[in-house]
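**Q**
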Amino acid sequence: MSCIFCRIASGEVATTKAYEDSEVVAFYDTAPQAPTHILVIPKAHIPSLSAITEENAHIGTAIFRAIAELSKRAEFAGGFRVVSNSGADGGQTVGHLHFHMLGGRALGWPPG
Ligand code: 5GP
Ligand code: ZN
Numbered sequence: 036m037s038c039i040f041c042r043i044a045s046g047e048v049a050t051t052k053a054y055e056d057s058e059v060v061a062f063y064d065t066a067p068q069a070p071t072h073i074l075v076i077p078k079a080h081i082p083s084l085s086a087i088t089e090e091n092a093h094i095g096t097a098i099f100r101a102i103a104e105l106s107k108r109a110e111f112a113g114g115f116r117v118v119s120n121s122g123a124d125g126g127q128t129v130g131h132l133h134f135h136m137l138g139g140r141a142l143g144w145p146p147g
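Those letters in the sequence shown? Residues 36 to 147, by our numbering.
#1: Rounding to the nearest angstrom, what Cα-Cα distance links Ala97 and Gly126 in this structure?
#2: Excluding sequence positions up to five away, which residues of its chain have a Cβ less than 8 Å from the Cβ of Ser85?
#3: Alpha carbon to alpha carbon, how far is Glu110 from Met136?
#4: When we look at the beta-carbon of Val75 and count the other beta-carbons within 10 Å, is it buried (16 or more) or exposed?
#5: Looking only at C-alpha atoms, which of Ala79, Phe99 and Arg100 sits nearest to Glu90?
#6: So Leu132 and Ser83 are supposed to be a Cβ contact under 8 Å. How far apart are they, rounded?
#7: Might you give, ordered along the chain, the residues of its own chain that have their beta carbon closer than 7 Å to the beta carbon of Phe40, omitting 5 neighbours on each side?
#8: If we call anything under 8 Å between Cβ atoms a contact, is Thr71 one with Gly138?
So, in structure tokens, the structure goes:
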């Protein structure tokens, strides 16, 4: 298994988890871009948002429920942002669907 996020999801690579259920795991980004920077991923390998189909779209519900749960944390009391970089121009560097959850400071807009 070469996908780093699959290895994290399976527990083969240790990480500090912020949330976990049967379909989703969330953990802290190793290069945080905000005081709190969490990655929310499906445990199943889905390459990006472009690979969502009728069959796997239920993962969107599971991910949004995880994000809602995480949003109750004190670090996100002032608000937060969710981003899913997709493809080269989107800035995606890991080919396993993930949602960045950023908070703990006022975030600029638009992104670069
Ligand atoms: P992308 O650039 O694809 O939108 O986001 C990938 C994110 O994964 C980056 O923010 C990067 O810092 C993070 N990342 C890459 N490898 C690892 C890792 O092994 N562990 C953790 N916790 N984060 C990682
Ligand atoms: Zn994967």
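Backbone N, C-alpha and C define an ideal beta-carbon position, used for all residues, glycine too.
**A** Walking through what the data contain:
#1: Position 62 of the sequence shown, counted from the start, is the residue given in the question as residue 97. Position 91 of the sequence shown, counted from the start, is the residue given in the question as residue 126. Going from the Cα of Ala97 to the Cα of Gly126 covers about 24 Å.
#2: Mapped onto the sequence shown, residue 85 falls at position 50. Around Ser85: Ser121 and Gly122.
#3: Position 75 of the sequence shown, counted from the first residue, corresponds to residue 110. Position 101 of the sequence shown, counted from the first residue, corresponds to residue 136. Glu110 and Met136: Cα-Cα distance of roughly 11 Å.
#4: Sequence index remark: in the sequence shown, residue 75 carries index 40 (1-based). It counts as buried.
#5: Here residue 90 is taken as the residue at index 55 of the sequence shown, counted from 1. When each option's Cα is compared against that of Glu90, the closest is Ala79.
#6: The sequence position of residue 132 within the sequence shown is 97, counting from 1. The sequence position of residue 83 within the sequence shown is 48, counting from 1. Contact flag correct, Cβ pair sits at about 6 Å.
#7: As a working note, residue 40 is residue 5 in the sequence shown. Excluding sequence neighbours, Phe40 sits near Ile76, Val129, His131 and His133.
#8: The residue labelled residue 71 in the question sits at position 36 within the sequence shown. The residue labelled residue 138 in the question sits at position 103 within the sequence shown. Yes.
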